[in-house]
Ligand SMILES: NC(=O)c1ccc[n+]([C@@H]2O[C@H](COP(=O)([O-])OP(=O)(O)OC[C@H]3O[C@@H](n4cnc5c(N)ncnc54)[C@H](O)[C@@H]3O)[C@@H](O)[C@H]2O)c1
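Residue numbers (the working numbering): 7 to 477.
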């Protein structure tokens with residue numbers, strides 16, 4: 007389906023209606039999401055042939071400065087903008103959002119940073135297409151999930167690289183759409199998985215590659231974050247992010263935990279996800295929260311949530327490794343992405359960061375089974391990117407600094423003409439657990455095959471995420 011038709015299809019369903027309220031724009035979700043309403047026409051094992059060659063190992067074209075446009079300047083887009091304004095030789099040329107006030111605020115942030123005023127686009131939900139027709143190098147996309155793919159396709163078809171927020175895609179059809187379009191247009195579609203750039207994650211990646219944990223056999227990944235307040239507020243994500251909970255039962259947000267573990271396991275650079283099984287618990291927390299928070303008569307009280315509070319999946323890789331993958335955004339609990347990796351010589355486990363290395367003795371010479379101190383490895387393994395940018399990254403603050411490091415690194419790759427750390431195949435495979443978990447849950451945990459989005463090109467290491475070496 008062409009981008010135009012696709013966008014119009016979404017519009018026809020009346021996904022979003024804009025209305026001005028009290029001077030500030032308020033976007034009201036008029037229809038529940040989106041892609042989950044579209045039939046997922048692909049079956050998992052279906053690997054279509056392509057007339058085009060792979061995007062694995064394809065570098066960006068080098069350039070002196072990066073010309074950039076952003077679609078969506080809500081909570082996330084505004085934060086990305088602040089980071090990008092702090093990176094040298096990046097010109098923010100265009101801003102798009104449904105809400106004119108948000109565009110104006112972002113334009114002011116750009117001029118306050120000493121740059122020329124960027125073009126603004128806020129004439130309806132398809133105005134983003136006009137932004138993608140400008141002279142730009144890359145388009146950042148930080149909109150609700152159902153808009154990611156139509157916007158990324160428009161950017162690539164108009165000759166721009168796309169950088170898409172998480173999850174990049176919500177159906178297998180969308181996964182293939184970004185892969186096919188990236189290959190056909192020779193433009194990258196990068197998923198903005200900031201967690202791959204965390205201080206801890208980058209240290210652990212270096213340790214994995216140095217063999218500290220031996221042969222890697224198992225990883226654990228999750229998004230465990232109490233979002234009940236955010237999901238039910240009358241602004242920001244509360245206007246759209248709760249609706250998938252009424253339509254889908256599975257892992258709605260797989261990439262924050264999975265991205266770093268995929269890097270530890272060299273997924274698409276020597277291994278790939280093969281199949282997964284998934285089960286969901288019953289639903290209780292979101293409905294209980296809504297009943298406690300909103301008075302009788304509030305329309306939210308009539309909503310029926312079908313997404314189980316805790317979704318648990320296990321992914322098996324071609325090389326026989328396993329990954330535990332969990333999703334829970336509604337239970338009261340401390341934050342965790344699990345972020346664990348283990349092998350024949352030891353284990354790293356996060357929240358809090360701990361390590362156990364086989365045979366390492368305590369100071370008094372005794373062996374025991376206690377966790378050892380992860381910080382003791384910092385001097386040797388702190389990542390060069392964090393050594394270089396960590397002070398500013400921490401000052402910028404976005405998610406402990408990982409946001410700035412990600413943005414700095416992506417802009418650096420664009421300027422220097424490097425292969426991006428994360429490519430369209432990663433965007434597709436890290437997002438695919440949403441439809442695959444949904445299918446597995448619906449079939450009592452039956453195994454679901456991952457499509458090979460690389461079309462057989464996962465075995466080598468042509469563009470092994472370079473950030474460990476190309477700094
Ligand atoms: N990587 C992270 O740590 C992280 C953190 C938060 C959010 N996110 C992701 O970022 C994305 C945006 O989330 P958010 O928290 O900013 O949500 P938000 O609701 O605060 O912002 C979304 C913005 O998109 C705009 N928008 C919607 N449809 C549009 C259209 N057709 N054209 C132009 N603008 C449109 C809205 O007006 C809004 O300003 C989501 O995909 C979310 O999952 C990622």
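Every residue gets a Cβ at the ideal spot worked out from N, C-alpha and C, and that includes glycine.
Taking a contact as a CB-CB distance under 8 Å, the pair residue 227 and residue 342 does not count as one, their CB atoms being some 10 Å apart. Here residue 149 has 77, 78, 157 as same chain residues with Cβ atoms under 7 Å from its own Cβ, once five neighbours each way along the sequence are excluded.
Per DSSP, the beta bridge partners of residue 323 are 279.
The continuous beta strand (DSSP E) containing residue 226 extends over residues 222-230.
For residue 431, no beta strand (DSSP E) encloses it; the enclosing alpha helix (DSSP H) starts and ends at 430-437. In the structure shown, residue 290 adopts coil according to DSSP, grouped into three states. For the set 132, 93, 92, 84, the Cα lying nearest the Cα of residue 109 is the one of 84.
Burial of residue 234 is indicated by the presence of at least 16 other C-beta atoms within 10 angstroms of its C-beta. The continuous alpha helix (DSSP H) containing residue 134 extends over residues 134-138. Taken atom to atom, the span from the alpha-carbon of residue 71 to that of residue 99 is near 12 Å. From the listed residues 357, 450, 406, 248, the smallest Cα separation to residue 307 is found for 248.
For the 7 Å CB-CB criterion, residue 329 and residue 225 form a contact. Counting along the chain, no beta strand (DSSP E) covers residue 175, and no H or E run does either. In the structure shown, residue 179 falls within a helical segment according to DSSP collapsed to helix, strand and coil. By the Cβ neighbour-count rule, residue 238 is buried, with 16 or more other Cβ atoms within 10 Å of its own. If you look at residue 167, you'll find it in the beta strand (DSSP E) that goes 167-170. One thing to note: residue 344 has its Cβ within 7 Å of the Cβ of residue 263. Excluding the 5 residues flanking it on each side, residue 464 has same chain C-beta neighbours closer than 6 Å at 274, 278, in chain order. Annotation for residue 442: 282, 454 place their beta carbon closer than 6 Å to its own, counting only its chain and skipping 5 residues before and after. Separation of the CB atoms of residue 350 and residue 180 is rounded to 38 Å, and the pair is thereby denied contact status at 8 Å. The beta carbon of residue 134 sits closer than 6 Å to at least one heavy atom of ligand 1.
The closest heavy atom of ligand 1 lies less than 6 Å from the beta carbon of residue 102. Setting aside the 5 residues that flank it on each side, residue 89 is surrounded in the same chain by 402, 404, 409, 410, 413, each with a C-beta closer than 7 Å to its C-beta; the list follows chain order. In the structure shown, residue 317 falls within a strand segment according to DSSP collapsed to helix, strand and coil. Bridge partners of residue 146 according to DSSP: 76, 169. With distances taken between CA atoms, residue 421 lies nearest to 97 out of 97, 104, 214. Not one heavy atom of ligand 1 sits closer than 6 Å to the Cβ of residue 75. A direct Cα-Cα distance of roughly 27 Å separates residue 189 from residue 131. At least one heavy atom of ligand 1 lies less than 6 Å from the C-beta of residue 148.
CA-CA distance, residue 256 to residue 317, rounds to 6 Å. Taking each of 91, 207, 65, 458 in turn and checking the Cα distance to residue 75, the smallest one comes out for 91. The shortest C-alpha to C-alpha distance from residue 322 to any of 68, 280, 125 is the one to 280. A residue is called buried once 16 or more other Cβ atoms fall within 10 Å of its Cβ, and residue 59, having fewer, is exposed. In this structure, the CA atom of residue 288 is about 11 Å from the CA atom of residue 447. Relative to residue 324, the option among 271, 314, 332 whose CA is nearest is 271. Its Cα nearest to that of residue 196, the residue 154 stands out among 246, 154, 399, 297.
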